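For what it's worth, the numbering used here labels the leading residue of the sequence shown as 4, then goes sequentially. C-beta: ideal position from N, C-alpha, C; glycine also. Treat the numbers as computed from the prediction; the structure is a model and nothing was measured. See below for the structure under consideration.
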Amino acid sequence: MTKIVQIKQTRIQREKRLLIQKAALQVFSEFGLRGATLDKIAKACGLTKPNILYYYSSKDEIYAEVLQSLLEEWIRPLKDISENGDPLTEILKYVQKKLTMSKTKKQESKLFATEILHGAPLTQNILAGSLKETVDDKVKLLNKWISEEKIAPVDPYHLIFSIWSMTQHYADFDVQVYSLLNTKKRSRIFRDAEDFLLTFFTRCLKPD
């Protein structure tokens, strides 16, 4: 009987933490770390401040956990690039996934960009750890494909950086995009962006 209660409590705690993280993402995205408060987070998720402090010791702890979760999700599509697939297809699939994330996870992208612009004080260990390991691993794979003449010879690191910048731009600078294109039809913007990016990277990477 005790064991069942313990499992239920663990599930409830996990659900509460996810609820707090979701609300915190909205608050941090709107107000930044400095402007965000535990009171605002509590209001956003429908809990009291003491409830928040039961699960987290501070605003900084919530912020760090939200960022870590975002970074893990951000890395996942890069990890999915498979050595067993067609090289160009695998890279283009990655471009599509990154663009989709910019479309569906605008708040997350902006929050992560803000953290990086401030020197990544709370995610430096992750950047130097799991992200670097994943990037280095994929750079080795890209170099292998280049040596086998399956893709054009390009700098693998700068290829990855280019994919990041050219896809995340549509989330981080969405206001600029909408203003310059004089439209707020997101579906059309992302459809046109996908057509352009897939054509661009195909021409860039297709071997002679």
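Element boundaries [alpha helix (DSSP H), containing residue i]
{"i": "Glu-136", "result": "135-150"}
{"i": "Ser-72", "result": "62-82"}
{"i": "Tyr-1", "result": "This structure gives no information on residue 1, because the portion of the chain shown stretches from 4 to 211."}
{"i": "Pro-90", "result": "90-107"}
{"i": "Lys-159", "result": "The question names Lys, but residue 159 is Pro in the sequence shown. Element bounds for Pro-159: 159-175."}
{"i": "Ala-196", "result": "189-208"}
{"i": "Leu-41", "result": "41-48"}
Classification of residue i by the beta-carbon crowding that lies within 10 angstroms, buried from 16 upward
{"i": "Ser-60", "result": "exposed"}
{"i": "Glu-151", "result": "exposed"}
{"i": "Lys-113", "result": "buried"}
{"i": "Glu-86", "result": "exposed"}
{"i": "Cys-48", "result": "buried"}
{"i": "Ala-174", "result": "buried"}
{"i": "Gln-16", "result": "exposed"}
{"i": "Ser-105", "result": "buried"}
Residue from the options whose Cα sits closest to the Cα of residue i
{"i": "Gly-35", "options": "Leu-73, His-121, Leu-134, Glu-18", "result": "His-121"}
{"i": "Gly-88", "options": "Arg-191, Lys-153, Leu-73, Lys-108", "result": "Lys-153"}
{"i": "Pro-210", "options": "Asp-158, Ser-182, Leu-91", "result": "Leu-91"}
{"i": "Thr-126", "options": "Leu-21, Arg-191, Leu-73", "result": "Leu-73"}
{"i": "Lys-19", "options": "Gln-29, Tyr-57, Val-30", "result": "Tyr-57"}
{"i": "Glu-136", "options": "Leu-95, Val-157, Arg-79, Pro-156", "result": "Arg-79"}
{"i": "Leu-134", "options": "Trp-77, Leu-95, Asp-83", "result": "Trp-77"}
{"i": "Lys-109", "options": "Asp-195, Gln-29, Leu-21", "result": "Gln-29"}
{"i": "Lys-52", "options": "Ile-23, Ile-163, Leu-130", "result": "Ile-23"}
Evaluate the contact criterion for the region 138-148 versus the region 60-75: three or more CB pairs, one atom per stretch, below 8 Å. no
For the 8 Å Cβ check, are there 3 or more pairs between the region 158-171 and the region 99-106? yes
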